[in-house]
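**Q** Below are the structure tokens for one structure; questions will follow.
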């Protein structure tokens, strides 16, 4: 039963990061998606549109009742599908078809290769996962397969503890 649970955990979203082309500074990591997603993407999208609205209201000194703003927030909470947002739009009488692209900037604590995590050393390969009940079993397996593996915990400011399995080369 435990083995099956460990296998199902491997279906989580993951990202591969590589920094620096210089061989003596390279860091390569496979990172569990939980490290990056502190807030669900759907929530980020509608909150972004709500922030844009609030910014325009403030800039133009427009006051609206909090009840109306609450209703607008409820309506915006349905705008969650990035594929619809990114699709070209047909606007009557317009000679262009506008489309929106959503880009994100990562806070330094959201990048395991930043100076925020000095434990992630240069010339290393890292496997970074959210701290869980499976880490001890995984650590045991890793130590058997790769005795040189270094295992430690880093603390994400917004998303808790993550376990790092690091191999230096």
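Residue numbers (my numbering): 4 to 172.
Beta carbons are placed, not taken as given, at the ideal position from N, Cα and C, and that holds for glycine.
Enumerated in chain order, which unbroken segments of the beta strand (DSSP E) with a length of 3 residues or greater are wholly contained in the segment 82-162?
**A** DSSP runs (the beta strand (DSSP E)) wholly in the segment 82-162: 127-133, 153-159.
**Q** Within 10 angstroms of the Cβ of residue 19, are there 16 or more other Cβ atoms? Answer buried if so, exposed if not.
**A** Residue numbering aside, residue 19 sits at position 16 when the chain shown is read from its first letter. By the 10 Å Cβ count, residue 19 comes out exposed.
**Q** Between which two residues does the alpha helix (DSSP H) holding residue 75 run?
**A** For the purposes of this step, residue 75 is taken as the residue at position 72 of the chain shown. First-last of the alpha helix (DSSP H) with residue 75: 69-79.
**Q** For residue 114 versus residue 170, is the C-beta distance shorter than 9 Å?
**A** In the chain shown, residue 114 corresponds to position 111, counting from 1. In the chain shown, residue 170 corresponds to position 167, counting from 1. The answer is no: Cβ separation not under 9 Å.
**Q** Near residue 149, which residues of its chain fall below 7 Å by C-beta distance, leaving aside the five closest residues on each side in sequence?
**A** Locating residue 149 in the chain shown gives position 146, where the first residue counts as 1. If we look at residue 149 and ignore the five residues flanking it on each side, its Cβ neighbours are 170.
**Q** Determine the burial state of residue 168: buried for a count of at least 16 other Cβ atoms within 10 Å of its Cβ, exposed for fewer.
**A** By 1-based counting over the chain shown, the position of residue 168 is 165. That one is buried.
**Q** Can you tell me the Cα-Cα spacing of residue 27 and residue 106, whole angstroms?
**A** Within the chain shown, numbered from 1, the residue matching residue 27 stands at position 24. Within the chain shown, numbered from 1, the residue matching residue 106 stands at position 103. Their Cα atoms are separated by approximately 31 Å.
**Q** Please tell me whether residue 118 and residue 30 are closer than 9 Å, where the distance is taken between their beta carbons.
**A** As a position in the chain shown, residue 118 is number 115, starting the count at 1. As a position in the chain shown, residue 30 is number 27, starting the count at 1. No.
**Q** Quick check on DSSP: helix, strand or coil for residue 59?
**A** Reading the chain shown from its first residue, position 56 is the one you call residue 59. DSSP places residue 59 in helix when its eight states are reduced to three.
**Q** Hey, out of 76, 89, 103, whose CA is closest to residue 56's CA?
**A** The sequence position of residue 56 within the chain shown is 53, counting from 1. Selected option, being the one with the closest Cα: 76.
**Q** Buried or exposed, going by whether 16 or more other CB atoms sit within 10 Å of the CB of residue 132?
**A** Indexing the chain shown from 1 puts residue 132 at position 129. That one is buried.
**Q** By Cβ distance, which residues of its chain are closer than 7 Å to residue 151, with the 5 residues on each side in sequence left out?
**A** Locating residue 151 in the chain shown gives position 148, where the first residue counts as 1. Result list for residue 151: 170, in chain order.
**Q** Can you have a look at residue 38 and say buried or exposed, based on whether 16 or more other CB atoms are within 10 angstroms of its CB?
**A** Reading the chain shown from its first residue, position 35 is the one you call residue 38. With 16 or more Cβ atoms within 10 Å of its Cβ, residue 38 is classed as buried.
**Q** Can you list, in chain order, the residues of its chain with a C-beta nearer than 6 Å to that of residue 41? Leave out the 5 residues immediately preceding and following it.
**A** Here residue 41 refers to the residue found at position 38 when the chain shown is read from its first residue. Cβ within range, chain order: 161, 162.
**Q** Provide the residue(s) that pair with residue 50 in DSSP beta bridges, ordered along the chain.
**A** By 1-based counting over the chain shown, the position of residue 50 is 47. Answer by DSSP bridge pairing: none, since residue 50 is not bridged.
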